[in-house]
Each structure stands twice: as C-alpha cells, then as structure tokens.
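**Student:** Residue numbers (the working numbering), protein chains in the order written: chain A, 156 to 333; chain B, 8 to 199. Idealized CB from N, CA, C, for every residue including glycine.
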Amino acid sequence: MPAAGAETDLKQPWAADVHRVLKSASVTQMCYVPDAGHASLIDLFTADREVVCNVLTSEQEGVAIAAGAWLGGKRSVLLLQSSGVGNCINMLSLMTISRFPLLMLVTMRGEWAEFNPWQVPMGRATEPSLQAIGVRTMRADTAEDLVATVGAAAALAYEADQQIAVLISQRMIGRKTW
Amino acid sequence: MALDRRAAVAALLEDRGDLLVVSGLGSPTYDVHAAGDSDANYYLWGAMGSAALIGLGLAQARPDRNILAITGDGEQLMGLGGLATIAVAKPRNLSIVVIDNGHFGETGMQQSHTGRGLDLAAVARACGLSEIGAAEDMAAVAALRAKLHRRADGPRFYVVKVDAANPPRSLPPRDAVFLKNRFRAHLGLPVT
C-alpha cells in the first residue's frame, strides 16, 4: 500500500478512489503504457506491493498478459491512452472469443481542447473500433462518474466475463500543458 | 541437419509433470497436441504474437508453477516488443521455446526473418532475458527439457532449429471458452 498521505499530493486526485475501487475488486496485476492522464494512478499502483505492474512496449501486450493472468486465477487491469487502442484490435479478439474478463481504462485524446492534430484520428476511431471488435465502452466525464463507472465496469468484467473499456474524457483530465 | 519438429516437441514434453504449457498458433499448437493432449495445455488458434505474453501473465499469477510457452518463429517475431516487457518483468518460472523453421508454415511456407538471417536468441539477449540458448540436436533438446522443470534467474529463452516441413495437422478443440475453462478447472479455479 502507498504511504499514508501520499494521496493528498496527487496530480489527479480521483486516482486514489480508482485505485481503491480496483483494489476492492481484487485486482492484483496492472499493465500500462504511460499517459499523463494516468500518471497518478500509475504511481499508486507501482507503490503498491500487493500489485504486480508491467510496463509495456505496446498496448496489445497487456491484453495478452491479462488473459494469462486470468488463466492463472488473477485479475488484471490495463491502463492506456486512446491512441493505444488502435494497437490492440486484433489481440482483443482473444478476449472476446474466449470471454476473458478485460478491464481497460482509456484516457481520451483528440476530443477536447486537443492541441495535437495527430491525436485526432485515433481519438475519433477509439469508441467505434472497440465496439466493432466486441468490447463494450463506458464513458466517464467527471471524477465522480469515473469512480462509479470503474466499479461497475470491474464487476461486469471480472464477475460477468465481459470485455470493458472505460473511456475517460479528455475534458475531465484537462488541457495538456506543454 | 535440422530437427523434426514433432520429435523435438514430444521430447520437450516428455514426463512433463506439472508443467503448464501455452502454445502459439499454427504448427506449435499442433505439435503440442500431437505430443499428448492435456488439461494443462492452453492452445492458441489466433492472437498472433501473444503466446509468450500469455505465459508471462500466467507466470506472474502462478509463481509456484513452471510455465512453458512454445511458439513459432513467425509468432514470436510478431511479438518482439513483448520480449522487452518479459525481460524487465523478470519472471523466474517462464521458459519460452521458439520452434524455428525459418518460415511461415501455416500460410504456404514463405521464408521468415529468421530464415533470412535474423537471430532470435540474439534479440532475446539484447532485451536482457536471463538464460538463452539454441538446440540443434536431440541431446540439446533433452538437456533443455530438464531445465524447463527448474527455476532460472529470470526468463529463459531457447530456439529449437527444426526442418521446414508441415507434418499432418493434429488439431485440438477450437472452442476458445472451452480451452480457457478446461485450463482453469485443471488449476482448481472457478469456471464461469
């Protein structure tokens, strides 16, 4: 567990609640390709000695690792940015055809006050691509909404064998300063 | 003279004990099935590039068991980045064995990168996997088989050089939910 008080300094204060919700859903493995919007949640998980964390070179690796974890009786969560969804599509067929539980937390780019045009096409394609391969999407636009949505998504994934992507709106994360 | 793939895989799985096996799509899945079907086998029929990474997830979930991912050169080439991820994760109970025939056997035996000179063991070494080797005769395969049942300092990666031949297919079930649940039931896990 992270040191007491660490949560007060979080860049994204909601991360502490999301971490708590995932812990109470018995998640013991986290895989990620970093995103600024996930920075605090990544910090909380990497400081958590009860959770095995894997940094990935590409997001689809985390999909395969989540399948392996479930085969061995463990629950995995994948943190990624919307651009990374495009890297996952064929690997997601493993999860849908096998009914492996899958929970992805996707920070959105390209949809709200985006400064980088290169983020826009995949941002636009994120939700339709996930739905086309059979992953259910759930959007969260506020921090409060996100915490409740992650809890519901975790139940759907790990209890009902569903493949769920929680899309965290760029409006909620805020403008990228650079 | 390169090895016969069926003989090599059968030798690797001889007296397999409690080894848990993940097989990559195409010929390695057929080879593992031909060596003897088992509830402790998880066969892939798709998701190219995933075999070693499924092995990683399983190895982290079950640190008490030895895991073997058997895959082909083409399948591992699609998951090269995964070797970097496995190297930094440092599981001590994961062995990756690439049955390397230098070709994409499932699609008409087109020459692969290894057939054109790429050395997968050197890639694994550069990524930082712990114990790396190649097996080019049956004595080396037998020595590798013994290692699969022992802990390593970190992930183990071996290339087994085999003939570019397609033996008759030996087909496991294709139902993905069945394969998942059969494997989990073998480990005593709830099947939902």
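Can you grab the Cα-Cα spacing for the pair W169(A) / A295(A), in whole Å?
**Tutor:** Their backbone Cα atoms lie some 12 Å apart in a straight line.
**Student:** Judging by CA-CA distance, which residue of S177(B), G31(B), R69(B), T114(B) is the nearest neighbour of M55(B)?
**Tutor:** Cα-wise, what sits closest to M55(B) is G31(B).
**Student:** Give me the residue from L285(A), L196(A), A221(A) with the minimum Cα distance to K187(B).
**Tutor:** Closest by alpha carbon: A221(A).
**Student:** Could you check whether the stretch 59-66 of chain B touches the stretch 214-234 of chain A, counting it as contact only if at least three pairs of C-beta atoms, one from each stretch, sit closer than 8 Å?
**Tutor:** The answer is yes - the stretch 214-234 of chain A touches the stretch 59-66 of chain B, with three or more Cβ pairs under 8 Å.
**Student:** Any beta carbon from chain A within less than 9 Å of V184(B)'s own beta carbon?
**Tutor:** It does; some Cβ of chain A falls within 9 Å.
**Student:** Would G64(B) and Q317(A) qualify as a contact pair, given that the criterion is a beta-carbon distance under 9 Å?
**Tutor:** No; because the gap between Cβ atoms is not below 9 Å, this pair is not in contact.
**Student:** Determine the DSSP secondary structure at T262(A), reduced to helix, strand or coil.
**Tutor:** Looking at T262(A) - three-state DSSP - the assignment turns out to be strand.
**Student:** Go ahead and pull the three-state DSSP assignment for D300(A).
**Tutor:** In this structure, D300(A) counts as helix in the three-state DSSP scheme.
**Student:** List the DSSP bridge partners of H193(B).
**Tutor:** For H193(B), which the question treats as bridged, DSSP gives no partner whatsoever.
**Student:** Using a Cβ-Cβ distance cut-off of 9 Å, determine whether R23(B) contacts chain A.
**Tutor:** No, R23(B) does not count as interfacial toward chain A.
**Student:** Could you tell me whether the Cβ atoms of A42(B) and M145(B) are closer together than 9 Å?
**Tutor:** Taking 9 Å as the Cβ cut-off, A42(B) and M145(B) do not qualify as a contacting pair.
**Student:** Can a CB atom of chain A be found closer than 9 Å to the CB of G31(B)?
**Tutor:** Not one chain A Cβ lies under 9 Å of G31(B).
**Student:** Once you ignore the five residues that flank R191(B) on each side, which residues in its own chain have a CB closer than 7 Å to its CB?
**Tutor:** For R191(B), where only same-chain residues beyond five positions count, the Cβ hits under 7 Å are V198.
**Student:** Could you spell out where the beta strand (DSSP E) holding E138(B) opens and where it closes?
**Tutor:** Where E138(B) is concerned, the enclosing beta strand (DSSP E) stretches over 138-142.
**Student:** Compute the distance between the beta-carbons of A268(A) and R326(A), then report whether it is under 9 Å.
**Tutor:** Yes; because the gap between Cβ atoms is below 9 Å, this pair is in contact.
**Student:** On the three-state DSSP scale, how would you describe V210(A)?
**Tutor:** It is a strand residue.
**Student:** Do the CB positions of P256(A) and G265(A) come within less than 9 Å of each other?
**Tutor:** No, they are not a contact pair.
**Student:** Under 9 Å between C-beta atoms, does M156(A) make it to chain B?
**Tutor:** Only weak support is given to the placement of M156(A): the predicted model assigns it a pLDDT of 46, under 50, and the question is left unresolved by the model.
**Student:** Write down the C-beta distance between L165(A) and S195(A) rounded to the nearest angstrom, noting that I regard them as a contact closer than 8 Å.
**Tutor:** Right, their Cβ atoms sit about 4 Å apart.
**Student:** Can you check DSSP and say which residues form a bridge with R291(A)?
**Tutor:** Answer is I319(A), bridged to R291(A).
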